[in-house]
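Engineer: The sequence shown runs -20 to -1, 1 to 415 under mature numbering (1 follows the signal peptide of the UniProt record, and there is no 0). Virtual Cβ for every residue (Gly too), placed ideally from N, Cα, C. Let me begin by handing over the structure; questions about it come next.
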Amino acid sequence: MKKITLLFIFCIAFATYSFGQCTTATGGQWPSSTITLTNSGGAETIASNNWPNAEYSLIEGVLPGSSYTVTGSQTIYITVTNTADGSIIVHGDTTVSFTAPAGVTGLTIYWHLDATCATQNSGATLTTIQCTTCSCNETAAPSAASNVEPINGATDIAIDYSDPDNLLISPFSWTDGTLGGSIESTNLSLGVTTAGNDIGTVTGATNGNGIIYSWAENTTYYWYVESVNCYGTTQSPVWSFTTGACTETAAPGIQASSPTPADAATAVAVQAPDGGVTFNWTGSTNPDDSYTLNIGTANPPTQALTGVEPGVFITGLAVSTTYYWSIDVINCFGTTTGTTVWSFTTDSTLGLDDNLDSIETFSAYPNPTSGILNINSSQELDNVTVFNLLGQNVASFTKNEISNSTIDMSGLSKGLYLVKVTSGDKTQTLRVTKE
């Protein structure tokens, strides 16, 4: 009984001590990416929907010695800490202000319901941070974005299933407004309600990028963008689109076959200078199906390259190495199971690629060379890179370092090297022996 009583008193004492300094983080990080401040003097959005459920947000780009204000659009308890050491900088209800201490460039901000560190899994709150001692030269907020893709009200928007773990819709694009102030950054919010932000917000969104999310078929989504500068933020109208339905009733019924490199092949050529091999196979007759190529030095292979097509050229392979690889065939219903794993072994040296865009009227002498290599070309040389037969870059020469179309290889050990010469969009690779 005494032990239970002591524990109960200890918990009360600890809870009382922690009131007002709420650093529990059971709600996880939101937004999921770190916010980088522009310090332009205007309010910068942290998230359009932080919840007071022990979420936290990460901020970088803080200017030591500058003054900041963190604000929530409705009641929310804010605790600001130094990310580097966790020390408390300030805490308070709804709005807090502070001067960034010396050496502090990153903040962790915790969001709770009140000073008792209570939590609530609702109450989406717009949260902002503003450098109040930073200057702003804008005289107006930007005007709203328009002309979007997906088009407002569009239906049958395709989901890219090529990576089943990272479903993609692309692109999300818009035309920035031309009235008002200039645009410093853009936030993109997404939801399944007409508010358009209940899924979350991408801060610092890039026009034309896609969004990876657990997209559902035949579902209407709502989204908008905020155009931001130091003077203020302008929200666009809320747009919508509806994803297409999956018409497949089963995963692809075909496995890839006829692999190149062939199964158990040896001395497979690895092209210089990047260690590249071309992969081919016979796959599905359905043009909507996609492929994932799995590759590695162990069986089964674990490195997955998604969204590839037959004829893909993969670089970074090593000489004298056995690789295992397989092809998954994917549609919107699922992935073919029981995929065959093939293998091949690479050659002991790098080979030369048959470059169709090679440099015209090209030669190099003397070969072998004891040091100076003269390069005779009808085109001006941009750079020369020297590789050993393991594909390692052992010397590089920029345009300014190439003297009278010659390079100095005297610092290299004796042996055989691959010399890659680049001129504009054309390249040429040749073997050179260093004596």
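1) Assess, as a yes-or-no matter, whether the region 41 to 57 is touched by the region 126 to 145 under the definition of 3 or more beta carbon pairs within less than 8 Å.
2) Run through the region 38 to 116 for me and flag every whole beta strand (DSSP E) of 3 or more residues, listed as ranges in chain order.
3) Which of the three DSSP states is assigned to K406 in this structure?
4) Does the separation of the CB atoms of S77 and Y48 fall below 8 Å?
5) Using the Cα positions of N266 and S306, report the straight-line distance between them to the nearest angstrom.
6) Taking just the CA atoms, how far does T262 sit from V248?
7) From A375, T272, T329, pick the residue whose C-alpha is nearest to that of Y141; which is it?
8) If T181 sits next to A27, beta carbons under 8 Å apart, how far is it from one beta carbon to the other, in whole angstroms?
9) Does the distance from the C-beta atom of V50 to that of I15 stay below 8 Å?
10) Measuring straight from C-alpha to C-alpha, what distance separates I339 and P346?
11) On a CA-only basis, which of A225, A185, S207 is nearest T200? Give me that one, please.
12) With distances taken from CA atoms, which of Y304, S270, G233, V299 is nearest A242?
13) Pull up the distance between the alpha-carbon of T229 and that of F313, whole angstroms please.
14) Taking just the CA atoms, how far does S20 sit from S343?
15) Is DSSP giving T413 helix, strand or coil here?
16) Answer with buried or exposed for K394, where buried requires no fewer than 16 other C-beta atoms within 10 angstroms of its C-beta.
17) Given that a residue counts as buried once 16 or more other Cβ atoms are within 10 Å of its Cβ, and exposed if not, what is P151?
18) Is the beta carbon of P44 sitting closer than 8 Å to the one on G86?
19) Taking all protein chains shown into account, do 16 or more other C-beta atoms lie within 10 angstroms of the C-beta of L159, making it buried, or fewer, making it exposed?
20) Helix or strand or just coil, what does DSSP make of N274?
21) Restricting to Cα atoms, I'd like to know which of Y397, P290, G66 is closest to L353.
Structural biologist: By the coordinates alone:
1) No, because fewer than three Cβ pairs between the region 126 to 145 and the region 41 to 57 fall closer than 8 Å, the two stretches do not touch.
2) Counting whole runs of 3 or more residues, the region 38 to 116 contains the beta strand (DSSP E) stretches 47 to 52, 57 to 62, 68 to 73, 75 to 79, 86 to 92, 105 to 111.
3) In the three-state scheme derived from DSSP, where H, G and I count as helix and E and B as strand, K406 is classed as strand.
4) In this structure, Y48 lies closer than 8 Å to S77 by Cβ.
5) Distance between the alpha carbons of N266 and S306: 19 Å.
6) Answer to the nearest angstrom: the Cα atoms are 19 Å apart.
7) Closest in alpha carbon position to Y141, among A375, T272, T329, is T272.
8) So it is a contact: roughly 5 Å between Cβ atoms.
9) Not closer than 8 Å, so no.
10) Caution applies to I339, whose pLDDT of 48 falls short of 50 and renders its modelled position unreliable; the value that the coordinates give is listed next. Rounded to whole angstroms, I339 to P346 spans 19 Å at the Cα level.
11) Ranking the options by Cα distance to T200, first place goes to A225.
12) Among Y304, S270, G233, V299, the Cα nearest to that of A242 is on Y304.
13) Approximately 7 Å between the Cα atoms of the pair.
14) Each residue's Cα considered, the two are about 55 Å apart.
15) Note: T413 maps to strand in three-state DSSP.
16) By the neighbour-count rule (16 or more Cβ atoms within 10 Å), K394 is not buried but exposed.
17) Label assigned to P151: exposed.
18) Against a cut-off of 8 Å, the Cβ pair of G86 and P44 comes out as no contact.
19) With a 10 Å radius around the Cβ and a threshold of 16 neighbouring Cβ atoms, L159 comes out exposed.
20) Under the three-state reduction of DSSP, N274 is assigned to strand.
21) Looking at the Cα atoms, Y397 is the closest of the given residues.
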